[in-house]
Structure formats: structure tokens, C-alpha cells
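Engineer: Could you have a look at this structure, given as C-alpha cells, before my questions?
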Amino acid sequence: MSFLLPQITKRWSINCPSSVRAALVRNRTTGSYHRLYHGTSSTKLRQVSSSMEADGYNRQSLNQYTAHTSSEEMLVGSLDRMASRVNFEDMDQEEPRRRHIVDLGSADGSNSIKTLRFAINQLHQSSHRIMPLHVTFEEQPASDEEKLRDVLESHDDWFKKNNVTRSILIKSFYKQLFEPNSVDFFMSYICLHWLDTSLADDIAEWKLLGEGENDHSLGFTCINESTAPASLARVWKRDLADVHLAKFFALRANELRPGAEALLVMVSHPHEFICPPDGGASPLTRAMQNCVAQGLLRENVLRRTIIPYFLRTIDDVKAAFDLASSIEINNLDGSTTTPGEFLELVDVEAFPATTGGGSQSIESVAELFWSIHSGAVKTAGPSEEELECIRRETMQVFEDIYDSKKGVPSTFVACVIRRIGPGNSGVNNIC
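Pasting the structure below:
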């Protein structure tokens, strides 16, 4: 099976409407094709992009803290280099500049603050002083800003003791966030597998590409499942996942100061949440199929349910990094820049991890899974009764296919990027 999608162009402008690309999508009823454009946001997609159920995720998010600890050595390396760079820059300064650290995808702040405290302690040790810092906690617009604020305020004494000021930025990290050359260190944990859903009219249409008479959309809810068509997964990688991560790299390259770095940790493939040990479909797909078979869920809800993320391997990260040098950023003066040209891939590694296991119940792991994925299910339009059936069946599938003592094995991929080029003197359109 092949899909009628154009290859990525040499230069890909992320802000200019005239440069959006189109895909051809087959209408299931008429057999004709309509054009699916990148570049137009919608209310529905803003809902998809926040597909995690906040309260449930916040209760269970510590189950994913392994992603933070597994990449600790890479974090320490970046911070040690930052300390050396800052000490050199401040050698003749009477009043050192307050350095800017950004945490991308802070959620409710519970995991972020633990890692931040470790990171700043490491900076102080490496620089042999209390370094003045400002930390921005970024989170996407549909999140609970008040919850994040409450968590940070509970650490007020620590912030003051360590000469750290802070702010919260509620905005998608697939947009420009800061002025050029203004950030000294980015860190982001388990966020970047989520795609930029503002770049397609309807992400569910990407599930239906090339479906024809095969009805493949009833067989998967995540593109990384073994039951998803391999040819469709290649299209998603080429035209969604690679482009979106490359865009992210280019945006951060524009904002990093020369010599500054970013540590980015993503959920990777394989992950038994999506590829269970028996080789079949994911728990969500099985649960929805069970509900359809029981007559408790409309088939079209399953057909339109797609989790808007892509679990990348090391090679996928490298492919997106290579593409980043062709991503154009538009400046207010009408000029364009390609800041990705000035990025260096310092390191990229994969880490095995396990969610749950030991004394932790499989029910709590299932609740974490549901909190992450339920928002995307809601976007497909189930009734309250249908949604409850899916939730209940998901809990049962977890009991059936996973070993509570073993937990759910997974993988994370982490990379460190560095801005090595000159500063950008242009004034960018911060949108």
C-alpha cells in the first residue's frame, strides 16, 4: 500500500501560510480524495493536544520518574559544562547575569521540582557558588496552571534560599517561547513524543490515510502498535514525527545562547503500553474492540480514536535532528533564519525502564495509562456510557495481559543538543 503524500521539501517554513503542504485523504463513502492541510489549528485539535487527564496523571506521574533518574548522568554532564561556561563568562563581572533555565512540559510540577532541585544543587557544586537563576516552567494551554502554581509555591523557601526566581509560561513548546539567545539551559522530560496537533486539520484523518476497503482503522489506536500498517507508520514518521521534532529543535536553537544546551527525554519504542508482551494490540485498542463486540461502543468512535504521539528510537531522533537545519524561522523584519544549522547533537542514548512492578498494583499502572490516553478517546466523541465502558475494559485488559510483579517494561530516549553557532541578531515573531 502506498500513500499519496509529498516528500519533505529542502526548506520547510514553519510560520508562512503559503508554505503549508497538503496530503490526499480518501473519502470512505465516495472513494474520492480531499486535501488535508498542515498549518491550520482547530478547537478539536487543541483538545487532542491535551489528551492527558490532569488529575489522574498528577496522582500517578511519579510512576514515570524513572525517565528523570535514568538520564541523570547526561543531566550532570550538561550542568557541569554550563557551570564552567558561566564561570568563564562571569570572570570579570561585578554583578553576574541571572541565568535562565527552562523546564518544558512541567505538568503539575511534582516531578519537575524534584529534578530542578537536583539540577540546581549540581550547578552550585560545579560552579562553587550560589548562581543567580531564573526558571521558567512551561506547560501547554489546557493544563491546570493553578495546580502547577500551588506546587511551586510550596517550595518558596527553597527558591529564596537558592537565589532562584521563577515564572510560569502557559504555551505550546511547538511555538516560539522566548527571545533569541536568551536561554541558558532547556530540560524536558517525557513530553516530546506528543505531536504538534496544530499542524493538521484533524489528526484522526491521518489514521484513515489509504484505508480503502481494508478497514485498518479498527485495529489500532496508536501508530506504534504492531497492528498499525507499517506503510502508514512510515508516513507518520516522515510527515509528522520527523517534521515536528525538527521544528522543535529549530525553535530551541533560536532561543539558546551560543554554547548553551538542552536535555530532552522522550518516551521511546518499544514500550509495552503500546506493544504488549503477547505481540497483539495495545490495551486501549483491545478495550475498545471489546466494547464494540459487546454492542456498547459505536464502531466509528474506535475508527476515529488515535493517540497523537509517536514513540521514537535513537535513529528517529537523529533523522529529525538532521532535518532541523532546513527549518526556517520567520523574523518580524521579513527575513528568515535557519537556526538548526547551528545545533550540535552532543549525545543520544536509550534507557530501559519499568512502570510499576513489585508491590505496586497493576490497577495503579492502568490508571496512569488511562490518564495519559483518555483525552484522545474523548475527542473521538463517545458518550459518557461508552467512555466508562472503555475505561472499565482497559482496567480489565491490564489485569489480563500484564504481570503485576514484573510491571510494564518501557524505553526512554534522551538527547543533548548544543547551540554552537553565532548569536541571532534578528528580532523574531514570538507568537
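Just remember that my numbering sits 48 ahead of the position in the sequence shown, which is counted from 1. We put the CB at the ideal spot given by N, CA and C, even for glycine. This one's a predicted model, so the numbers in the text were calculated from it and none came from an experiment.
#1: Since residue 42 is in the beta strand (DSSP E), which residue starts that stretch and which ends it?
#2: To the nearest angstrom, how far is it from the Cα of residue 299 to the Cα of residue 126?
#3: Within a Cβ cutoff of 6 Å, which residues of the same chain sit near residue 290, ignoring the five residues on either side of it in sequence?
#4: Would you mind reading off the limits of the alpha helix (DSSP H) that contains residue 287?
#5: According to DSSP, is residue 239 part of a helix, a strand, or is it coil?
#6: Between which two residues does the alpha helix (DSSP H) harbouring residue 443 extend?
#7: Can you tell me the Cα-Cα spacing of residue 332 and residue 350, whole angstroms?
#8: Report the partner residues of residue 360 according to the DSSP bridge assignment.
#9: In chain order, what are the residue ranges of uninterrupted alpha helix (DSSP H) at least 4 long that sit wholly in the segment 363-430?
#10: By DSSP, does residue 230 sit in helix, in strand, or in coil?
#11: Nearest to residue 253 by alpha carbon, out of 230, 223, 284?
#12: Just tell me which of 409, 316, 374, 133 has its CA closest to the CA of residue 175.
#13: Taking the alpha helix (DSSP H) that residue 133 falls in, what are its first and last residues?
#14: With distances taken Cα to Cα, identify the nearest neighbour of residue 184 among 205, 160, 172.
#15: By how many angstroms is the C-alpha of residue 376 removed from the C-alpha of residue 383?
#16: Please report the residue range of the alpha helix (DSSP H) in which residue 253 lies.
#17: Quick check on DSSP: helix, strand or coil for residue 194?
#18: Ignore the nearest five residues each way along the sequence and tell me which others in residue 430's own chain have a CB closer than 8 Å to its CB.
#19: Name the two residues that bound the continuous beta strand (DSSP E) containing residue 187.
#20: Where DSSP assigns a beta bridge to residue 467, which residues make up the other side?
#21: Does DSSP put residue 461 in a helix, a strand or coil?
#22: Pick from 165, 408, 467, 321: whose alpha carbon is nearest that of residue 421?
#23: How is the beta strand (DSSP E) around residue 148 delimited, first residue to last?
#24: Consult DSSP for residue 305 and reduce its assignment to one of helix, strand or coil.
#25: Report the residue from 131, 194, 295 whose alpha carbon sits nearest the alpha carbon of residue 233.
#26: Does the separation of the CB atoms of residue 460 and residue 231 fall below 8 Å?
#27: Could you check whether the segment 437-456 touches the segment 401-421, counting it as contact only if at least three pairs of C-beta atoms, one from each stretch, sit closer than 8 Å?
#28: With C-beta atoms as the reference, is residue 330 less than 8 Å away from residue 270?
#29: To the nearest angstrom, report how far apart residue 452 and residue 405 are at their CA atoms.
Structural biologist: Straight from the coordinates:
#1: Outside the shown range of the chain, which is 49 to 479, sits residue 42, and nothing can be said about it.
#2: Here residue 299 refers to the residue found at position 251 of the sequence shown. Here residue 126 refers to the residue found at position 78 of the sequence shown. Between residue 299 and residue 126, the C-alpha separation is close to 19 Å.
#3: Numbered from 1 along the sequence shown, position 242 holds the residue referred to as residue 290. These residues qualify, in order along the chain: 367, 368, 371.
#4: As a position in the sequence shown, residue 287 is number 239, starting the count at 1. Looking at the DSSP string, residue 287 is not in any alpha helix (DSSP H), and its letter there is neither H nor E.
#5: In the sequence shown, the residue the question calls residue 239 occupies position 191. Coil at residue 239, not helix or strand.
#6: The residue you call residue 443 lines up with position 395 of the sequence shown. 432-449 is the extent of the alpha helix (DSSP H) around residue 443.
#7: Counting from one through the sequence shown, the residue named residue 332 turns up at place 284. Counting from one through the sequence shown, the residue named residue 350 turns up at place 302. When rounded, the distance between both Cα atoms is 10 Å.
#8: Here residue 360 corresponds to residue number 312 of the sequence shown, with the count starting at 1. DSSP lists 316 as partners of residue 360.
#9: 410-427
#10: As a working mapping, residue 230 is identified with position 182 in the sequence shown. Note: residue 230 maps to coil in three-state DSSP.
#11: Here residue 253 refers to the residue found at position 205 of the sequence shown. Nearest of 230, 223, 284 to residue 253, Cα basis: 284.
#12: Sequence index remark: in the sequence shown, residue 175 carries index 127 (1-based). For residue 175, the nearest C-alpha among the options comes from 133.
#13: For the purposes of this step, residue 133 is taken as the residue at position 85 of the sequence shown. Residue 133 -> alpha helix (DSSP H) spans 120-137.
#14: As a working mapping, residue 184 is identified with position 136 in the sequence shown. Of 205, 160, 172, the residue nearest in Cα terms is 160.
#15: Stepping through the sequence shown from its first residue, residue 383 is reached at position 335. Stepping through the sequence shown from its first residue, residue 376 is reached at position 328. Their backbone Cα atoms lie some 10 Å apart in a straight line.
#16: Here residue 253 corresponds to residue number 205 of the sequence shown, with the count starting at 1. In the DSSP annotation of this structure, the continuous segment of the alpha helix (DSSP H) that includes residue 253 starts and ends at 251-255.
#17: For this step, residue 194 is matched to residue 146 along the sequence shown. In the structure shown, the three-state DSSP call for residue 194 is helix.
#18: Here residue 430 corresponds to residue number 382 of the sequence shown, with the count starting at 1. 345, 346, 349, 438, listed in sequence order.
#19: To locate residue 187, count along the sequence shown from 1; it is residue 139. 181-187 is the extent of the beta strand (DSSP E) around residue 187.
#20: Start at 1 with the first residue of the sequence shown, and residue 467 comes out as number 419. Its beta-bridge partners are 391.
#21: One-based indexing of the sequence shown puts residue 461 at position 413. Note: residue 461 maps to strand in three-state DSSP.
#22: Counting from one through the sequence shown, the residue named residue 421 turns up at place 373. Measuring from the Cα of residue 421, the nearest candidate turns out to be 321.
#23: As a position in the sequence shown, residue 148 is number 100, starting the count at 1. Here the beta strand (DSSP E) through residue 148 covers 147-152.
#24: The residue you call residue 305 lines up with position 257 of the sequence shown. DSSP places residue 305 in strand when its eight states are reduced to three.
#25: By one-based count along the sequence shown, residue 233 stands at place 185. Taking only the C-alpha atoms, the option nearest residue 233 is 131.
#26: As a first step, residue 460 is located in the sequence shown; it is residue number 412 there, counting from the start. As a first step, residue 231 is located in the sequence shown; it is residue number 183 there, counting from the start. No; because the gap between Cβ atoms is not below 8 Å, this pair is not in contact.
#27: yes
#28: If you number the sequence shown from 1, residue 330 lands on position 282. If you number the sequence shown from 1, residue 270 lands on position 222. It is a contact, given that the beta carbons lie within the stated cut-off.
#29: As a working note, residue 452 is residue 404 in the sequence shown. As a working note, residue 405 is residue 357 in the sequence shown. Looking at the two C-alpha atoms, the distance is approximately 6 Å.
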